[in-house]
Amino acid sequence: AQTVTQSQPEMSVQEAETVTLSCTYDTSESDYYLFWYKQPPSRQMILVIRQEAYKQQNATENRFSVNFQKAAKSFSLKISDSQLGDAAMYFCAYRSGNTGNQFYFGTGTSLTVIP
Amino acid sequence: NAGVTQTPKFRILKIGQSMTLQCTQDMNHNYMYWYRQDPGMGLKLIYYSVGAGITDKGEVPNGYNVSRSTTEDFPLRLELAAPSQTSVYFCASSLGPLNTEAFFGQGTRLTVV
Chain X
18 AQTVTQSQPE MSVQEAETVT LSCTYDTSES DYYLFWYKQP PSRQMILVIR QEAYKQQNAT
78 ENRFSVNFQK AAKSFSLKIS DSQLGDAAMY FCAYRSGNTG NQFYFGTGTS LTVIP
Chain A
17 NAGVTQTPKF RILKIGQSMT LQCTQDMNHN YMYWYRQDPG MGLKLIYYSV GAGITDKGEV
77 PNGYNVSRST TEDFPLRLEL AAPSQTSVYF CASSLGPLNT EAFFGQGTRL TVV
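These protein sequence lines map, in sequence, to chains X and A.
When you line the first sequence up against the numbering used here, it's residues 18 to 132, in that order.
When you line the second sequence up against the numbering used here, it's residues 17 to 129, in that order.
In structure tokens, the structure reads:
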């Protein structure tokens, strides 16, 4: 089974500032997909951003961007201009490019946004 | 757009009771999943299905059963509930393998007392 590690159980950021959430993963595969999901207090899991391992360019979605370092097996999420609505639990996830049957999730990072 | 619908949203069971968590999706997705979420543990895969009639165990299948008779439905059965099954359960689906993301239901908070 693949391992996804989020080493920051909790993070906080001032409103309008930038924060980076860390994620590392362990795999021997060269083809895979990575995702960041947001889980607000409502419990709903919402896709934030995804990255294909074969793409060198880092994915961006408005205020959200990733720093994908394939050699280091690192996939961090940067949130710019943080807003109160960004407060949530964030999960990093891995999906194999070979079988693709499962998503493997990290343990999550709880983000607090300070007004 | 309904997406993935789970019922119930909350449930309290007594030890030894059984129940079925319902999950249905209207996106014609082939892949469906059941995860449980425990505090500090992330999401653990219980069972998954790659199509009607096909199911397979995930990381934590003990105490659970599933079936997939149609593309839309993927119920999760708990037999002889135990306190260790107290958790939040999520059903999810994806169109296919590889880079398609998973879409999640709103979760079921289950307490076994």
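From the three backbone atoms N, C-alpha and C, an ideal C-beta is built for every residue, glycine too.
In this text the structure is predicted, and so the values were computed from the model without any measurement.
- When Cβ pairs closer than 8 Å are counted between the two stretches, the stretch 109 to 127 of chain A is seen to touch the stretch 117 to 130 of chain X, the count reaching three or more.
- LEU128(X) does not reach chain A, its nearest Cβ partner there being about 15 Å away, counting only Cβ pairs nearer than 9 Å.
- At a cut-off of 8 Å between beta-carbon atoms, PHE106(A) makes contact with chain X.
- Flagged as an interface residue toward chain X: PRO113(A), by a C-beta distance shorter than 8 Å.
- By a beta-carbon distance limit of 8 Å, ILE66(X) contacts LEU94(X). Their separation comes to about 7 Å.
- Counting C-beta atoms within 10 angstroms of its own C-beta, PHE26(A) has fewer than 16 neighbours from the protein chains shown and is therefore classed as exposed.
- Each of THR116(X), GLN25(X) and GLU69(X) was checked against the Cα of GLY58(A), and the nearest Cα belongs to GLN25(X).
- For MET28(X), the enclosing beta strand (DSSP E) begins and ends at 27 to 31.
- For GLU69(X), the uninterrupted beta strand (DSSP E) run begins and ends at 63 to 69, by DSSP.
- Under DSSP, GLY58(A) forms a beta bridge with ASP54(A).
- Distance between THR35(X) and PHE81(X), taken at the CA atoms: about 10 Å.
- Distance check between GLN73(X) and each of ALA88(X), PHE52(X) and SER45(X) places ALA88(X) closest, using alpha-carbon atoms only.
- In this structure VAL129(A) is in contact with ILE28(A), their Cβ atoms being roughly 6 Å apart against a cut-off of 8 Å.
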